[in-house]
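Here's the structure, in structure tokens; my notes come after.
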Amino acid sequence: MERVECQIQREVDVYLAMSQGRTVAEKLNLTPVDRIRVEITILELSRNLLIHAGGGTLIFSLIEDPTYGPGMGIEATDTGPGIADINLAMQDGYSTAHTLGAGLPGVRRLTDEFYIESEVGVGTRVYAIKWLMSPRRSIYER
Ligand SMILES: Nc1ncnc2c1ncn2[C@@H]1O[C@H](COP(=O)(O)OP(=O)(O)OP(=O)(O)O)[C@@H](O)[C@H]1O
Ligand SMILES: [Mg+2]
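If you read the sequence shown in our numbering, its first letter stands for residue 36, the second for the next number, and so on.
Dropping the structure here:
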């Protein structure tokens, strides 16, 4: 099992993380469309780490599930302020930074599995999975 850890502390780290994540997605042999989904996921989660939590850690892993087979895990953790109302944060258009508020709901739609846990004053953990054989892939997508 491969595991790559990226510290996100500055703007440039976002692009380094995207590049490292791209390498993991290539190893998994994700389709071009899924690779873009993974890139956007990394972009949004690392931007959230920078903007809302003052930095944090991204971990990419190649995983294997007895049911779903091989996949890529993308985990973002921080010890920032946390999210008081996760349901609100997951809504399209909700942003405390006066931006689009499209990041977290977008990541949930782009990935196959999405988990978020957060505690005010402690931090936030987001974990998303993209399976190689996406259970939701349409027959038209290659
Ligand atoms: N790591 C985090 N720590 C603390 N709060 C967070 C974190 N990630 C997201 N949030 C909170 O959840 C809200 C929604 O996040 P989301 O990524 O959907 O939107 P946004 O970052 O505000 O805007 P956008 O991503 O569209 O530029 C944020 O405005 C912020 O309040
Ligand atoms: Mg965001």
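Glycine residues also receive a C-beta, built at the ideal position from the N, C-alpha and C atoms. Remember, predicted model here, so these are calculated numbers, not experimental data.
inquiry  = Between the alpha carbons of K165 and F149, how many angstroms are there, rounded?
reply    = Indexing the sequence shown from 1 puts residue 165 at position 130. Indexing the sequence shown from 1 puts residue 149 at position 114. Using only the alpha carbons, I get a separation of about 9 Å.
- [ ] Look up L97 in the DSSP assignment and say whether it is helix, strand or coil.
- [x] Walking along the sequence shown from the start, residue 97 turns up at place 62. Strand.
Practice task
Check whether the region 122 to 130 touches the region 45 to 56, counting contact only when three or more Cβ pairs, one atom from each stretch, lie closer than 8 Å.
Solution key: No, because fewer than three Cβ pairs between the region 122 to 130 and the region 45 to 56 fall closer than 8 Å, the two stretches do not touch.
Alpha carbon to alpha carbon, how far is H87 from L65?
For the purposes of this step, residue 87 is taken as residue 52 along the sequence shown, with counting starting at 1. For the purposes of this step, residue 65 is taken as residue 30 along the sequence shown, with counting starting at 1. If you take the alpha carbons of H87 and L65, they lie about 30 Å apart.
In chain order, what residues of the same chain lie with their CB nearer than 6 Å to the CB of T102, ignoring the 5 residues before and after it? If you number the sequence shown from 1, residue 102 lands on position 67. Within its own chain, no residue has a Cβ closer than 6 Å to the Cβ of T102 once the five positions on either side in sequence are excluded.
*asked:* If distances are taken between C-alpha atoms only, which option among V155, M168, L167, R143 comes closest to V161?
replied: Residue 161 sits at position 126 when you count from the first residue of the sequence shown. That would be R143, whose Cα lies nearest to the Cα of V161.
Worksheet item: Who does E152 pair with in a DSSP beta bridge?
Response: As a working note, residue 152 is residue 117 in the sequence shown. In the DSSP output, where bridge partners are listed per residue, E152 has R160.
task: Classify D48 as helix, strand or coil using the three-state DSSP reduction.
output: Residue 48 sits at position 13 when you count from the first residue of the sequence shown. Correct three-state label for D48: helix.
Continuous beta strand (DSSP E) stretch holding A88: start and end = Here residue 88 refers to the residue found at position 53 when the sequence shown is read from its first residue. Run containing A88: none in the beta strand (DSSP E); it sits in the alpha helix (DSSP H), 67 to 88.
Could you work out which residue in I43, D120, H133, E40 is closest to E152 when comparing CA atoms only?
-> As a working note, residue 152 is residue 117 in the sequence shown. Sorting I43, D120, H133, E40 by C-alpha distance to the C-alpha of E152 places D120 at the top.
In angstroms with no decimal places, state the Cα-to-Cα distance between V19 and T112.
For residue 19 there is no data in the structure shown, the boundaries of the chain being 36 and 177.
Quiz prompt | Pocket of ligand 2 (residues with CB nearer than 6 Å to any heavy atom), chain order | solution = E79, R82, N83, G138
message: DSSP three-state label for I118, please.
response: In the sequence shown, the residue the question calls residue 118 occupies position 83. Looking at I118 - three-state DSSP - the assignment turns out to be coil, as it is neither helix nor strand.
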